[in-house]
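**Q**
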Ligand SMILES: [Zn+2]
């Protein structure tokens with residue numbers, strides 16, 4: 001089952017009903033789903049084309065996430081390196097989702113050696129996730145939840161591989177083998193939030209680190225007077241990572257009469273991920289218990305500097321810039337109970353960066369201006385080196 005906090009059903013009745021067919025369409029694929037097993041190497045394959053993804057029945061939330069991930073070269077390199085490290089002691093059973101994801105990334109980026117499918121289907125990936133117990137036919141269909149589901153599953157597969165090796169290894173192998181003990185590098189989306197608590201009575205500080213793959217950022221409370229205020233991603237991060245007062249907390253360092261002190265809690269970016277995924281929390285509940293979607297305009301840039309939010313920068317007071325570059329934007333079109341997910345994504349074609357609009361099997365080129373005018377639900381950045 002989807003382990004969701006928010007219960008909603010952002011779904012599509014089919015991309016064709018939503019996708020805008022532009023006259024300057026770069027590539028339109030409307031053919032029947034193609035099974036990759038039957039595909040033969042295409043001699044006329046052009047490296048300039050991306051592939052769309054078949055809508056398998058309300059699966060735009062999957063397709064949109066996959067296109068966004070496929071736009072992140074560091075992530076693609078990582079997922080490929082996991083499979084390269086695969087020991088001969090393991091089988092693909094434990095890496096079904098990781099393998100399917102790697103294959104899908106290669107095909108939709110038109111980088112696979114032999115498979116060229118336009119559009120490509122996600123049946124194999126969906127089946128691998130169902131083997132892990134996920135129910136993708138649930139009504140809870142959301143790109144952010146799918147992102148979390150995918151990373152939870154990859155994590156399970158990597159750990160499963162380790163446990164299989166550990167169970168099947170002899171003492172001699174344990175003492176002589178080095179490769180089985182090699183740790184798998186964590187996902188490039190893995191970062192750590194530093195949560196610092198400072199007691200206002202005695203000044204004692206403590207820090208806790210919590211892992212994240214995606215930062216889920218709330219929108220400010222809806223205020224009718226400020227309904228048309230323009231928000232931006234830096235402002236939302238500033239609000240999310242601002243200091244707040246927390247009362248009635250037990251301080252282990254000082255002894256006050258009732259045993260509780262007032263603390264200042266400050267969230268910061270403790271360890272930066274190489275790929276930064278931001279989720280804008282657009283789901284909201286009305287006083288009457290109705291689920292609604294916040295349509296707030298949120299501005300964002302091609303470059304995002306998070307230097308002001310880095311824990312060590314804040315400690316030292318030296319706010320050196322930490323720039324990230326935009327790779328993809330996931331946008332949700334429609335209302336809370338219906339709609340469609342699309343992705344604007346970057347790709348390098350013949351050494352030149354281009355932007356593409358993807359909506360299931362439909363793909364066309366896009367301008368950066370169009371990308372920056374979209375209404376972000378999820379943003380994918382990669383750290384500039
Ligand atoms: Zn204290």
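Numbering (the UniProt record's numbering), first residue to last: 1 to 385. Don't be surprised by glycine CBs; every beta carbon is placed ideally from N, CA and C.
(1) Apart from the five residues on each side of it in sequence, which residues of its chain come closer than 8 Å, Cβ to Cβ, to residue 108?
(2) Going by the CB atoms, is the gap between residue 190 and residue 157 shorter than 8 Å?
(3) Run the CB neighbour count on residue 384, radius 10 Å, all protein chains shown included, and call it buried at 16 or more, exposed below.
(4) Would you mind reading off the limits of the alpha helix (DSSP H) that contains residue 73?
(5) Nearest-angstrom Cα distance between residue 245 and residue 221?
(6) I'd like the list of long-range same chain contacts for residue 325, defined as Cβ closer than 7 Å, with 5 residues on each side in sequence excluded.
(7) Do residue 333 and residue 342 come within 8 Å of each other at the CB atom, strictly closer than that value?
(8) Buried or exposed: which applies to residue 369, given that a residue is buried once 16 or more other Cβ atoms fall within 10 Å of its Cβ?
(9) According to DSSP, which residues form a beta bridge with residue 379?
(10) Are the beta-carbon atoms belonging to residue 263 and residue 199 less than 8 Å from one another?
(11) With a threshold of 7 Å, establish whether the CB of residue 204 neighbours any heavy atom of ligand 1.
(12) Taking three-plus beta-carbon pairs below 8 Å as touching, is the stretch 355-374 in contact with the stretch 304-318?
(13) Over what stretch of residues does the alpha helix (DSSP H) that includes residue 100 continue unbroken?
(14) Based on Cα-Cα distance, which residue from 268, 105 and 99 lies nearest to residue 63?
(15) Does the beta-carbon of residue 374 have 16 or more other beta-carbons within 10 angstroms, so that it is buried, or is it exposed?
(16) Once you ignore the five residues that flank residue 231 on each side, which residues in its own chain have a CB closer than 6 Å to its CB?
(17) What is the DSSP secondary structure of residue 164, reduced to helix, strand or coil?
(18) Sort 335, 219 and 267 by Cα distance to residue 292 and report the nearest one.
(19) By how many angstroms is the C-alpha of residue 378 removed from the C-alpha of residue 330?
(20) Give the DSSP-derived three-state secondary structure of residue 113 in the structure shown.
**A** In terms of the structure at hand:
(1) Answer for residue 108: 50, 51, 52, 53, 66, 67, 70 and 120, listed in chain order.
(2) Result no, Cβ atoms of residue 157 and residue 190 do not sit closer than 8 Å.
(3) Taking a 10 Å sphere around the C-beta of residue 384, we find fewer than 16 other C-beta atoms and assign the residue as exposed.
(4) In this chain, the alpha helix (DSSP H) harbouring residue 73 covers 73-84.
(5) If I take the Cα positions, the gap works out to 18 Å.
(6) Cβ neighbours of residue 325 beyond the five flanking positions: 302, 303, 381, 382 and 384.
(7) Annotated as proximal: residue 342 and residue 333, with beta-carbon spacing under 8 Å.
(8) Exposed.
(9) Partner(s): 278 and 329.
(10) For residue 263 and residue 199, yes; Cβs fall inside 8 Å.
(11) Residue 204: yes, Cβ under 7 Å from ligand 1.
(12) When Cβ pairs closer than 8 Å are counted between the two stretches, the stretch 355-374 is seen not to touch the stretch 304-318, the count staying below three.
(13) That run of the alpha helix (DSSP H) goes 96-108.
(14) Cα-wise, what sits closest to residue 63 is 105.
(15) Label assigned to residue 374: buried.
(16) Excluding residues within five positions, the ones whose Cβ falls inside 6 Å are 296 and 298.
(17) Since pLDDT at residue 164 reaches only 46, below the 50 mark, its modelled position is unreliable, and no value is offered.
(18) Among 335, 219 and 267, the Cα nearest to that of residue 292 is on 335.
(19) Rounded to whole angstroms, residue 330 to residue 378 spans 5 Å at the Cα level.
(20) Residue state, collapsed to three classes: coil.
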